[in-house]
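To keep things clear, I will list the structure first and then write my remarks on it.
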């Protein structure tokens, strides 16, 4: 009914704006987009239980010289996420390379375009593990609105093969941000204000 005074079930510490995808067929992946600015390959959802972090699906981009690549410059953009000013969010994802040394930089912007990816969240310049590692970043935005996450890899093809990501979450955090929000991310201080 519409009478909130007689409600008997209470949910505490329930946080809205939580998003999770493992890129599985039942996940909401339709608004993720890929863009290849150089090379012949682009980010695609792959189905292979042996290379997924969980489940069977993950996003990957082939970065070597296969098919005529001389270099690559590839972007993967998340779907739109509405973020509120003054609210702390935690972005988490799992990443790895495949028999190679790779790079991955993650950005945030107001649209799913390279020009809009103006806030660098984390730079992973030398991924060299065949095992998944987790990156976790705390985010606070100054203006409420629509935001996108951009995963970017580029460079020459020598010594490279694949970059993989899986299990991306963006959720409201219990951490209370200050106006000048400072955190250390993988040994690097990042300030969002």
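Residue numbers (this note's numbering): 13 to 205. For glycine and all other residues, C-beta sits at the position ideal for the given N, C-alpha and C. Since we're looking at a predicted model, the values are computed, not measured.
Buried/exposed call for residue i, threshold 16 Cβ in 10 Å
i	result
residue 49	exposed
residue 34	buried
residue 198	Summary for residue 198: the model assigns pLDDT 39, below 50, so the residue's position carries little reliability, and this model does not support an answer.
residue 73	buried
residue 100	buried
residue 37	exposed
residue 127	exposed
residue 94	exposed
residue 114	buried
residue 30	exposed
residue 75	buried
CB contact flag (residue i, residue j, <8 Å)
i	j	result
residue 133	residue 144	no
residue 110	residue 84	no
residue 57	residue 41	yes
residue 87	residue 71	no
residue 90	residue 161	yes
residue 59	residue 68	yes
residue 185	residue 97	no
Nearest neighbour of residue i, chosen from the options [CA to CA]
i	options	result
residue 138	100, 78, 172 and 84	172
residue 136	159, 170, 156 and 176	176
residue 80	30, 90 and 51	51
residue 221	131, 185 and 82	Since the first residue of the chain shown is 13 and the last is 205, residue 221 is not available in this structure.
residue 112	164, 168 and 67	168
residue 108	47, 53, 63 and 121	63
Three-state class that DSSP yields for residue i in the structure shown
i	result
residue 175	strand
residue 180	strand
residue 48	strand
residue 186	coil
residue 155	coil
residue 54	coil
residue 36	coil
residue 198	Note that residue 198 scores 39 on pLDDT, short of 50, meaning its location in the model is unreliable; the coordinates nonetheless yield the value given after this. Here residue 198 sits in coil by DSSP.
residue 168	strand
residue 41	coil
residue 61	coil
Practice task
Identify every run of the beta strand (DSSP E) within the region 77-125, keeping only runs that are complete inside it and at least 3 residues long; order them along the chain.
Solution key: If we require 3 residues or more, the beta strand (DSSP E) runs fully inside the region 77-125 come out as 83-89, 93-95, 100-109 and 114-121.
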